[in-house]
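Taking our numbering, the leading residue of the sequence shown gets 27, the next gets one more, and so forth.
Every residue gets a Cβ at the ideal spot worked out from N, C-alpha and C, and that includes glycine.
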Amino acid sequence: MLIVRSAKVVNKCLKRWKSLLRAIDKSSLFYRQLIIKNISRIMLNGYDANTLTTP
Numbered sequence: 027m028l029i030v031r032s033a034k035v036v037n038k039c040l041k042r043w044k045s046l047l048r049a050i051d052k053s054s055l056f057y058r059q060l061i062i063k064n065i066s067r068i069m070l071n072g073y074d075a076n077t078l079t080t081p
């Protein structure tokens with residue numbers, strides 16, 4: 027039962043990452059760099075709306 031739940035959680039996370047990667051792929055170079063920079067900051071520091079870069 028625990029394995030089934032964890033598999034569902036992993037699938038849900040993978041779907042979100044796939045849609046995010048598709049959006050990054052379709053965006054312009056400027057926005058792509060901005061998105062990647064923000065994702066890197068979130069992964070390193072956790073989410074903080076005050077530190078995210080906006081255009």
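Taken atom to atom, the span from the alpha-carbon of Asn64 to that of Ser53 is near 15 Å. Judged by their CB atoms, Ile61 and Ile50 are nearer to each other than the 9 Å cut-off. Rounded to whole angstroms, the gap between the alpha carbons of Leu47 and Ala33 is 21 Å.
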